[in-house]
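Undergrad:
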Amino acid sequence: MLNRALLAVLVNTGAALQSTAMVEPPVRPFCGCYLLRSCDPAHPRSSYIGFTVNPLRRVRQHNGEIQGGARRTRRHRPWEAVALVDGFASQVEALQFEWAWQHPEKSLAVRGALDGKRKARTGWKSRLALLEVMCDGVDAWRGVQVRVCIEDALPDSDFWRSARVSVGPLDAWPPAVAASRVVARRRVVDEVADCAACGQPCAPTTTGAFVACERCGAPTHLTCLAEQALRRRGAPACALVPPAGACPVCDHESDWTVVVRAAKRSLREAARPPPPPVATPAPRRARAPAPAPASDDDDVFDLTQTQATQETVAPEESDDDDVVDLCSPVPPAL
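Now the structure itself:
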């Protein structure tokens, strides 16, 4: 009996682990790393590196405006964003980048890129220099995008002048806005349902993943977009993943990691069962007005009227007349 019970527990545990492994992590519209610097004049070199899915909210948390900030950022407030890194294929890759950015002396990839020429320091300018080494010297992170939120903090080098780097405020971060637009374009793709590159229907169950352009909404298969981007760049035949993809209709270019995340969302939404129809409640039937209760005054009036009617009805023969006739003297005879 004990062996059977143990076997049943093992089978149930294996089934539970298998079902858990089948559940994929959610695809977030944005996930990236950020670099903060302190605005406190007494600590101008203080910096902080973190991961977030909402940069604007995270900065407010660090400044104490809302709850949820890190304990280390309670000192040296207020904080401001210096740089934001996006373009990761998954949340796991973004977290790996954050850890390597925080601990460059422990990361094998970063140590190999540094080659012992620089020492890891904690100042925000040193963190920006380290970011350049990580994005330009490690092959796994050559496709990420960097946004510098403070123009005077932009270093003077070829990397910071390349197309991968943009300058602007934090609230206008393009990949986060583009990802939300791709989700909003889902209905447009369902209505058009024709690939802008090959003309075949965009059905995820038969033709693979597809995405919609954030500017014009034209749908394109992911494979068609990759082949077209590789042909335009003159890539060799063995190349599979382009650094960016351009819309076949309006020629709007998006980073390939953003395109892949949008394609994952399209597959998730296509596999999701439609919501059940909402039952329309039946109209309420109008209730008949209840009869008005009898008033006490009406009851008194009826009783009085009945009594008066009974008193006015006289009998056919009066008893008084009979008494008078019997008691009256007999008239004398003539």
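So the sequence shown is residues -16 to -1, 1 to 318, counted in mature numbering (1 follows the signal peptide of the UniProt record, and there is no 0). Quick reminder that beta carbons are idealized off the backbone N, C-alpha and C, glycines included.
1) According to DSSP, is G121 part of a helix, a strand, or is it coil?
2) Which value, in whole angstroms, describes the spacing of the CA atoms of A125 and E49?
3) So, does the stretch 230 to 245 touch the stretch 202 to 210, judging by three or more C-beta pairs under 8 Å?
4) From V242 to A73, what distance separates their C-alpha atoms?
5) When the distance is taken between beta carbons, is S31 closer than 8 Å to L40?
6) So C119 and V132 are supposed to be a Cβ contact under 8 Å. How far apart are they, rounded?
7) The ligand FMN and S74: does any heavy atom of the ligand fall closer than 7 Å to the residue's C-beta?
8) Could you check where the beta strand (DSSP E) with V81 kicks off and where it finishes?
9) Take every Cβ of the stretch 51 to 64, pair it with every Cβ of the stretch 75 to 93, and state whether three or more of those distances are shorter than 8 Å.
10) Cβ of W85 within 8 Å of Cβ of C17?
11) Under the rule that 16 or more other beta-carbon atoms within 10 Å means buried, what is D239, buried or exposed?
12) Just how far apart, CA to CA, sit E82 and C197?
13) Give me whichever residues DSSP pairs with W63 in a beta bridge.
14) For a minimum of 4 consecutive residues, which ranges assigned as the alpha helix (DSSP H) are wholly contained in the stretch 20 to 57?
15) Kindly give me the distance between the Cβ atoms of V66 and L112, rounded to whole angstroms, as I take these residues to be in contact under 8 Å.
16) Looking at C-alpha atoms only, which residue of C15, Q45, G53, S22 is the closest neighbour of V37?
17) Over what stretch of residues does the beta strand (DSSP E) that includes Q129 continue unbroken?
18) Could you tell me which residues DSSP pairs with D239 in its beta bridges?
19) From what residue to what residue does the beta strand (DSSP E) around T204 run?
20) To which residues of the same chain is R42 closer than 6 Å at the C-beta, ignoring the five residues directly before and after it?
21) Tell me which residues share the same chain as T264 and place their Cβ nearer than 8 Å to its Cβ, disregarding the 5 neighbours each side in the sequence.
22) With distances taken Cα to Cα, identify the nearest neighbour of S146 among V130, R217, A26.
23) Among the residues of its own chain, which have a CB less than 6 Å from the CB of V149, if the five just before and after it don't count?
24) Whole angstroms is fine: what's the gap from R44's alpha carbon to A266's?
25) Counting only the same chain and skipping the five closest in sequence on each side, list residues whose C-beta sits under 6 Å from that of H27.
26) What three-state label does DSSP hand L68 in the structure shown?
27) Looking at the structure shown, is S150 part of a helix, part of a strand, or coil, going by DSSP?
28) Quick one, which of R55, G152, A193, R216 has its alpha-carbon nearest I134's?
29) Using a 10 Å radius around the Cβ and a threshold of 16 neighbouring Cβ atoms, would you call L224 buried or exposed?
30) Drop a sphere of 10 angstroms on the beta-carbon of Q212, count the other beta-carbons inside from all chains shown, and report buried for 16 or more, exposed for fewer.
TA: Inspection of the coordinates gives the following:
1) Position 137 of the sequence shown, counted from the start, is the residue given in the question as residue 121. Note: G121 maps to helix in three-state DSSP.
2) One-based indexing of the sequence shown puts residue 125 at position 141. One-based indexing of the sequence shown puts residue 49 at position 65. Looking at the sequence provided, one finds Trp at residue 125 rather than Ala. Distance between the alpha carbons of W125 and E49: 33 Å.
3) yes
4) Numbered from its first residue, the sequence shown carries residue 242 at position 258. Numbered from its first residue, the sequence shown carries residue 73 at position 89. V242 and A73: Cα-Cα distance of roughly 8 Å.
5) For this step, residue 40 is matched to residue 56 along the sequence shown. For this step, residue 31 is matched to residue 47 along the sequence shown. The answer is no: Cβ separation not under 8 Å.
6) Position 135 of the sequence shown, counted from the start, is the residue given in the question as residue 119. Position 148 of the sequence shown, counted from the start, is the residue given in the question as residue 132. Not confirmed; about 12 Å, so no contact.
7) This structure simply doesn't include the ligand FMN, nor any ligand for that matter.
8) For the purposes of this step, residue 81 is identified with residue 97 of the sequence shown, where counting begins at 1. Looking at the sequence provided, one finds Phe at residue 81 rather than Val. Element bounds for F81: not the beta strand (DSSP E) but the alpha helix (DSSP H), 75 to 86.
9) no
10) Counted from its first residue, the sequence shown places residue 85 at position 101. Counted from its first residue, the sequence shown places residue 17 at position 33. Going by C-beta atoms, W85 is nearer than 8 Å to C17.
11) On the sequence shown, position 255 is the one that residue 239 refers to. Classification for D239: buried.
12) For this step, residue 82 is matched to residue 98 along the sequence shown. For this step, residue 197 is matched to residue 213 along the sequence shown. Roughly 29 Å between the two C-alpha positions.
13) In the sequence shown, residue 63 corresponds to position 79, counting from 1. Answer by DSSP bridge pairing, in chain order: S22.
14) 39 to 46
15) The residue given as residue 66 occupies position 82 in the sequence shown. The residue given as residue 112 occupies position 128 in the sequence shown. Contact holds; Cβ gap of about 7 Å.
16) As a working note, residue 37 is residue 53 in the sequence shown. If we check each option's Cα against that of V37, C15 comes out closest.
17) Taking the sequence shown and counting its residues from 1, the one referred to as residue 129 is at position 145. 129 to 132 is the extent of the beta strand (DSSP E) around Q129.
18) As a position in the sequence shown, residue 239 is number 255, starting the count at 1. Answer is A228.
19) One-based indexing of the sequence shown puts residue 204 at position 220. T204 -> beta strand (DSSP E) spans 203 to 205.
20) Stepping through the sequence shown from its first residue, residue 42 is reached at position 58. Here the set comprises T36.
21) In the sequence shown, the residue the question calls residue 264 occupies position 280. Closer than 8 Å at the Cβ level, and outside the excluded window around T264, lies no residue.
22) As a working note, residue 146 is residue 162 in the sequence shown. Among V130, R217, A26, the Cα nearest to that of S146 belongs to V130.
23) For the purposes of this step, residue 149 is identified with residue 165 of the sequence shown, where counting begins at 1. Cβ within range, chain order: V130.
24) By 1-based counting over the sequence shown, the position of residue 44 is 60. By 1-based counting over the sequence shown, the position of residue 266 is 282. About 48 Å.
25) Counted from its first residue, the sequence shown places residue 27 at position 43. Once the five neighbours on either side are set aside, the close Cβ partners of H27 are H60.
26) For the purposes of this step, residue 68 is taken as residue 84 along the sequence shown, with counting starting at 1. L68: strand per DSSP, three-state reduction.
27) What you label residue 150 is simply residue 166 of the sequence shown in a count that begins at 1. Reduced to three states, the DSSP call for S150 is strand.
28) One-based indexing of the sequence shown puts residue 134 at position 150. Answer by Cα proximity: G152.
29) Within the sequence shown, numbered from 1, the residue matching residue 224 stands at position 240. Classification for L224: exposed.
30) Residue mapping note: residue 212 aligns to position 228 of the sequence shown, counting from 1. Counting Cβ neighbours within 10 Å, Q212 comes out buried, since at least 16 surround it.
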